[in-house]
Structures are given as structure tokens and as C-alpha cells.
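What follows is a short report on a single structure.
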Ligand SMILES: C[S@@+](CC[C@H](N)C(=O)[O-])C[C@H]1O[C@@H](n2cnc3c(N)ncnc32)[C@H](O)[C@@H]1O
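Numbering (the numbering used here), first residue to last: 38 to 244.
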């Protein structure tokens, strides 16, 4: 069960509403903010074996999936995942897509060699619970590879604090989450941290 079924219901409706426009709305940010580079970095690093993508959305990462590992793409929103299915179909190779809540993943313990998420823990209603689930399904010694935006320092962070109630209500993502702290609170150990865009967008490797 998610921490707040109402919160999860709201997130689901919001993301399903945005599914049709998501790729177009976010396209300008891909290169400008370094997301493309981040996606490339993550998928160059995924191991062979079984890999779970949490919050795969419209499947932007599918273009970066390497041929070797078995990658399971999951999301809460059927609308978002339907877009991912179209992209997966175009690439062929029978990708597995699973509708499941990050806060209550439908997988057994230690099922995956790595777990990947890009721009997801800004949106999961209870990110600590989601990251605990990630830890649960990860094999011992496996890696969690994340590309996340988070609360930056300085005036931008203060501005994001002001904007967050409106942006999160209208769009879904929170602008000011302290995701590195949350990763640690979920019992994971951060082993690598790289700046993609200032201290706002980061690549994180945790175990
Ligand atoms: C900002 S989008 C990112 C999508 C994709 N990872 C990308 O890089 O474009 C956030 C995604 O997280 C998903 N999401 C939000 N809450 C979730 C939850 N509790 N469990 C699984 N996915 C969730 C949304 O449906 C949405 O697809």
C-alpha cells in the first residue's frame, strides 16, 4: 500500500492527463539542462542481467537501453506507459512494461541487478518509501542509478521553495526535494554523485 492512496490517486490522474503532451513540453529541456547526457551516462553503466526502470513515463529512456540486459520499464500511469509501449514497439525486441507503484513495487525482494530512475523521485508522493522499495528489490551489491533534479542552493533554492506549491499542484513534480538526503534516509549509500546542471540536476549512484 502507498503511504497516501489519495496522494497516489492524484499523482496518477495528473500524469495520465499530461501523457499526450509530456514529450513535446519537456523536449527543450533535454539538451539545455543536460538530461540527454545524463540518460546516456546511466545506460552506458547498467550491468548485464535484470534491470528495473521505475517511473519510466513515456519511455524517453528506451532509445538509450542497451541490447544486453533484460530491462523492465515500470510506471504508475497507464497513459504514460502507453506512450512507452509505442516507443518500445518501434524498437522491437519485446521490452517488458509493468504498471506498478514505486511505493509498492510488484516484484520480489532482490529481483534486480540494478534499478534506474530519471526525474522520478521529484514526483513519487512518498519518495522515501519509493526508495525503500527500490532497495528491497535490488540484489545485494547492485546499483541504483538516478538522474534527478533537486533543491539547488542559494537564491534559486529559495525561489523554488516559493514556486513549489503551485508547480507541484499543477504539474506534479516537486522543485525543492532534498533527494540526496532522502536516498540516505531510505537506507541506501551514495557512492557517486555528479553534477549535470549546477547543483540542481545530478547523477547519483547508490548501493
Ligand atoms: C517527470 S516524469 C519522468 C518520466 C521519465 N522517467 C523521464 O525521464 O522522462 C515522472 C514519472 O514518474 C511517474 N510516477 C509518479 N509517481 C509514481 C509512483 N508512485 N510510482 C511509479 N511512477 C510514478 C509518473 O507517472 C511519471 O511518468
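Glycine is no exception: its CB is placed at the ideal position from the N, C-alpha and C atoms. Note that the structure is a prediction, hence the values are computed from the model and not measured.
Within 10 angstroms of the Cβ of residue i, are there 16 or more other Cβ atoms? Answer buried if so, exposed if not.
i: residue 190; result: exposed
i: residue 112; result: buried
i: residue 146; result: exposed
i: residue 207; result: exposed
i: residue 136; result: exposed
i: residue 123; result: exposed
i: residue 48; result: buried
i: residue 182; result: buried
i: residue 237; result: buried
i: residue 203; result: exposed
Among the options, which residue has its Cα nearest to the Cα of residue i?
i: residue 80; options: 67, 94, 199 and 98; result: 98
i: residue 210; options: 198, 218 and 221; result: 198
i: residue 179; options: 42, 208, 83 and 194; result: 83
i: residue 247; options: 71, 77, 69 and 102; result: A question about residue 247 goes unanswered here, because the residues of the chain that appear run from 38 up to 244.
i: residue 175; options: 203, 114, 244 and 187; result: 244
i: residue 93; options: 104, 76 and 66; result: 76
i: residue 171; options: 133, 186, 52 and 88; result: 88
i: residue 185; options: 169, 213, 201 and 200; result: 213
i: residue 58; options: 215, 41, 168 and 120; result: 120
i: residue 160; options: 215, 108 and 109; result: 215
With residue i as the anchor, note down where its alpha helix (DSSP H) starts and where it stops.
i: residue 238; result: No alpha helix (DSSP H) holds residue 238; the beta strand (DSSP E) holding it covers 238-243.
i: residue 204; result: 191-207
i: residue 120; result: 115-128
i: residue 53; result: 42-69
i: residue 219; result: 216-222
i: residue 76; result: 72-82
DSSP has residue i in a bridge; who is on the other side?
i: residue 149; result: 175
i: residue 227; result: 243
i: residue 137; result: According to DSSP, which records beta bridges pairwise, residue 137 is partnered with nothing at all.
i: residue 181; result: 152 and 243
i: residue 234; result: 238
i: residue 186; result: 238
Determine the extent of the beta strand (DSSP E) in which residue i is found, giving its start and end residues.
i: residue 108; result: 107-112
i: residue 89; result: 87-90
**Message:** Please enumerate, following chain order, all residues with a beta carbon closer than 5 Å to at least one heavy atom belonging to ligand 1.
**Reply:** 48, 52, 92, 94, 97, 112, 113, 114, 117, 138, 139, 155, 156, 157, 160 and 161
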